[in-house]
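>
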Amino acid sequence: MIQRRFSTGQLLYFSLLCAAVLFFGAGFLCFPQQTAGGVSSGLSLCLYTLIPSTFPFVVLSSFCVYSGVSRLLGKLLQPITKLLFHLPGCCGSVILLGWLGGYPTGARGIVSLYQHGSITRQQGERMLWFCINGGPSFLISVVGMGIYGSASFGLLLFICQTGALLLIGIVSGIVSRWRKEPTLAQQNRGSPKKPFAEALVQAADDGARGALNLCSFVMLFTAMLEPLYSSGILSWIAEMLQKLSVPAPAATVLFPLCWEITSGVNFAGSVGISPALLLFFTAAGGLCVLGQITAATTPLGISKIKLLLSRLLHGGVSLLLFLPLRRFFYTPDQITSVFHSTTEPLSSAFSAGGTTPLTTGICGVTLLLLCIVFLLCKKRPGLAKIR
């Protein structure tokens, strides 16, 4: 028999993994109502906030790639993308949609470019450092106006984070020139563009899969947060952080912000934390966002450590921009939520425009059901050959 020996690091990893599985399995059994409430809360966040704000941009990003629109826009954006980022022009539309569409949009657009042969793996890996952003729908509408009642603060978050991505992209372009990274002229330019109907169907398929993937991650992470809270582990972590001279509000919300950013931001609004701290974590995104990006970029095979470093770098550079720019925007020293939940902010902030929690929830549920129906009804290539 062949005996396989594991290194100390591997044994430690598997030990921690087994301990985590046992803990959460026991937690789900011991706190079934709390776990069900966490799943319900995560689904509510998806239906009211995340899917309506990210799904259209994911579909639009994929459609630009499949239909060839990214190439047409690339001819216009070629001078800018080549000068600033040392990338082919087809990347310009994906970069813009990544800045505007929310956390997973940029990652999915990059993978589409890579799978079509429009960029190399090295270029795709480099784009991940400056193409993933919270987007204005989340930062301005949900965080700024919805949770904290200040569009000015949400705009400041978006400007700082987008400016940080721009700076990181420019620096990465300089480094890539110094390393003499291969350009598009030396690579395969990809498959020909698809007809409009086929490109739209394929883009909708990407959006549907992305929406379901997003919901599964958010519901899982919010469900896993409940055993940690009910067992007192979160309180213990907060106490340990306070002993390390971390302020009480920050110590209370630090783990939820690191865990799942949407629910963490909503919870942070009820406690009151520093605007700088909130800026950093909305830029970094948290572990749930990191998991979504990792799942979306599987074809690229990017290191998880590099993804984590890219998110931390984004948060750090955004924080550096926040310090001089905050004087031009109204930002209180301690920000607290003016509402009690994520569904209320959407109602209160947009009721004048005709948006209510009922209509938002109906739209979110309908969109999610359409995603499921679309994936179930999509004709597989093998069926067409059999028929």
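Quick note: to get the working numbering, add 344 to the position in the sequence shown (first position is 1).
Glycine residues also receive a C-beta, built at the ideal position from the N, C-alpha and C atoms.
Please read these numbers as outputs of a predicted model, since none were measured by experiment.
(1) Please state the DSSP three-state secondary structure of ILE577.
(2) Taking the straight line between their C-alpha atoms, what separation do you get for ALA567 and GLY381?
(3) What is the residue span of the alpha helix (DSSP H) that ILE637 lies within?
(4) Is DSSP giving ILE424 helix, strand or coil here?
(5) What would DSSP say about ILE617, mapped onto helix, strand or coil?
(6) Entirely within the region 469–526 and at least 4 residues each: give me those alpha helix (DSSP H) ranges in chain order.
(7) If you draw a straight line from the C-alpha of VAL438 to the C-alpha of SER516, how long is it?
(8) Note down, in chain order, each residue of its chain lying with its Cβ closer than 6 angstroms to the Cβ of ARG470, except the 5 sequence neighbours on either side.
(9) Can you give the beta carbon distance from SER411 to SER607, rounded, assuming they're within the 8 angstroms contact cut?
(10) Report the option in TYR492, LEU669 and THR398 whose CA atom is closest to the CA atom of GLY551.
(11) For PHE368, collect the residues of the same chain with a Cβ closer than 7 angstroms to its Cβ; drop the 5 residues on either side in sequence, then sort them by chain order.
(12) Closest to GLN636 by CA distance: which of TYR447, ALA364, PHE407 and VAL413 is it?
(13) Quick check: the Cα distance between ARG732 and HIS460, rounded to an integer number of angstroms?
(14) Distance check for SER405 and SER453, CA to CA, integer angstroms please.
(15) Assign CYS362 to one of three DSSP states: helix, strand, or coil.
(16) Once DSSP output is grouped into helix, strand and coil, what is the label at SER351?
(17) Between which two residues does the alpha helix (DSSP H) holding THR596 run?
(18) Report all residues from its chain with a CB closer than 7 angstroms to the CB of PHE482; omit the five preceding and five following residues, and keep chain order.
(19) Could you name each continuous alpha helix (DSSP H) segment of 4 residues or more that falls completely within the region 372–416, going from the start of the chain to the end?
(20) Looking only at its own chain, which residues have a Cβ that is under 7 angstroms from the Cβ of GLY436, when we skip the five neighbours before and after it?
(21) Would LEU556 pass as an interface residue toward chain B - the criterion being a Cβ-Cβ separation below 8 angstroms?
(22) Distance check for LEU457 and VAL409, CA to CA, integer angstroms please.
(23) Of the residues ALA640, HIS430 and LEU644, which one's Cα is nearest the Cα of TRP522?
(24) Go to THR464, then tell me how far its alpha helix (DSSP H) extends in each direction, as first and last residue.
(25) With contact counted as at least three CB pairs below 8 angstroms, one residue from each stretch, are the region 578–585 and the region 618–625 in contact?
(26) By the three-class DSSP mapping on this structure, what secondary structure does CYS435 have?
(27) Any idea what DSSP makes of LEU651, helix, strand or coil?
(28) Between the Cα of LEU665 and those of ALA370, LYS587 and LEU500, spot the shortest distance and give me the residue it belongs to.
(29) Relative to the C-alpha of MET307, which residue among ILE605, LEU588, VAL597 and PHE540 is closest?
(30) Under three-state DSSP, which class holds PHE683?
(31) With DSSP run on the structure shown, which of helix, strand or coil describes SER456?
(32) Taking the straight line between their C-alpha atoms, what separation do you get for TRP473 and LEU634?
(33) Taking DSSP as the reference, what is the three-state secondary structure of GLY446?
Result, derived from the coordinates:
(1) Stepping through the sequence shown from its first residue, residue 577 is reached at position 233. DSSP places ILE577 in helix when its eight states are reduced to three.
(2) Locating residue 567 in the sequence shown gives position 223, where the first residue counts as 1. Locating residue 381 in the sequence shown gives position 37, where the first residue counts as 1. Taking the straight line joining both Cα atoms gives about 7 angstroms.
(3) Here residue 637 is taken as the residue at index 293 of the sequence shown, counted from 1. First-last of the alpha helix (DSSP H) with ILE637: 630–640.
(4) Indexing the sequence shown from 1 puts residue 424 at position 80. If DSSP states are grouped into helix, strand and coil, ILE424 belongs with the helices.
(5) On the sequence shown, residue 617 is found 273 positions in, with the first residue counted as 1. Reduced to three states, the DSSP call for ILE617 is strand.
(6) 495–523
(7) Here residue 438 refers to the residue found at position 94 of the sequence shown. Here residue 516 refers to the residue found at position 172 of the sequence shown. Their backbone Cα atoms lie some 17 angstroms apart in a straight line.
(8) The count along the sequence shown starts at 1 and reaches residue 470 at position 126. Counting only Cβ-Cβ distances below 6 angstroms, and skipping sequence neighbours, we find SER516.
(9) If you number the sequence shown from 1, residue 411 lands on position 67. If you number the sequence shown from 1, residue 607 lands on position 263. With a Cβ gap of about 36 angstroms, SER411 and SER607 do not count as contacting.
(10) Counting from one through the sequence shown, the residue named residue 551 turns up at place 207. Ranking TYR492, LEU669 and THR398 by Cα distance to GLY551 puts THR398 first.
(11) For the purposes of this step, residue 368 is taken as the residue at position 24 of the sequence shown. MET568 and PRO571.
(12) In the sequence shown, residue 636 corresponds to position 292, counting from 1. Taking only the C-alpha atoms, the option nearest GLN636 is TYR447.
(13) The structure shown does not extend to residue 732, since the chain is modelled only from 345 to 731, so the question has no answer here.
(14) Taking the sequence shown and counting its residues from 1, the one referred to as residue 453 is at position 109. Taking the sequence shown and counting its residues from 1, the one referred to as residue 405 is at position 61. One detail in the question is off: residue 453 reads as Gly in this sequence, not Ser. When rounded, the distance between both Cα atoms is 6 angstroms.
(15) Your numbering for residue 362 matches position 18 in the sequence shown. The answer is helix: DSSP assigns CYS362 an H, G or I state.
(16) For this step, residue 351 is matched to residue 7 along the sequence shown. SER351: coil per DSSP, three-state reduction.
(17) Numbered from 1 along the sequence shown, position 252 holds the residue referred to as residue 596. It spans 592–603 - the alpha helix (DSSP H) in which THR596 sits, taken as one unbroken run.
(18) Counting from 1 along the sequence shown, the entry for residue 482 is found at position 138. Cβ within range, chain order: SER397 and GLY446.
(19) Fully enclosed alpha helix (DSSP H) runs of 4 or longer: 376–389 and 395–411.
(20) Within the sequence shown, residue 436 is the residue found at index 92, counting from 1. Result list for GLY436: LEU417, GLY418, LEU421, ILE424 and THR425, in chain order.
(21) Included in the structure is just one protein chain, with no chain B present.
(22) Mapped onto the sequence shown, residue 409 falls at position 65. Mapped onto the sequence shown, residue 457 falls at position 113. Distance between the alpha carbons of VAL409 and LEU457 is about 7 angstroms.
(23) On the sequence shown, residue 522 is found 178 positions in, with the first residue counted as 1. Measuring from the Cα of TRP522, the nearest candidate turns out to be HIS430.
(24) Along the sequence shown, one-based indexing puts residue 464 at 120. Looking at the DSSP string, THR464 is not in any alpha helix (DSSP H), and its letter there is neither H nor E.
(25) no
(26) For the purposes of this step, residue 435 is taken as residue 91 along the sequence shown, with counting starting at 1. Helix at CYS435.
(27) In the sequence shown, residue 651 corresponds to position 307, counting from 1. In the structure shown, LEU651 sits in a helix (DSSP, three-state: H, G or I).
(28) Within the sequence shown, numbered from 1, the residue matching residue 665 stands at position 321. Among ALA370, LYS587 and LEU500, the Cα nearest to that of LEU665 belongs to LEU500.
(29) This structure gives no information on residue 307, because the portion of the chain shown stretches from 345 to 731.
(30) For the purposes of this step, residue 683 is identified with residue 339 of the sequence shown, where counting begins at 1. With a pLDDT of 44 at PHE683, under the threshold of 50, the predicted position of this residue should be treated as unreliable, though the coordinate-derived value follows. Note: PHE683 maps to coil in three-state DSSP.
(31) The residue labelled residue 456 in the question sits at position 112 within the sequence shown. In this structure, SER456 counts as helix in the three-state DSSP scheme.
(32) Taking the first residue of the sequence shown as position 1, residue 473 is located at position 129. Taking the first residue of the sequence shown as position 1, residue 634 is located at position 290. Rounded to whole angstroms, TRP473 to LEU634 spans 12 angstroms at the Cα level.
(33) Position 102 of the sequence shown, counting from 1, holds the residue named residue 446. Three-state DSSP puts GLY446 in coil, outside helix and strand.
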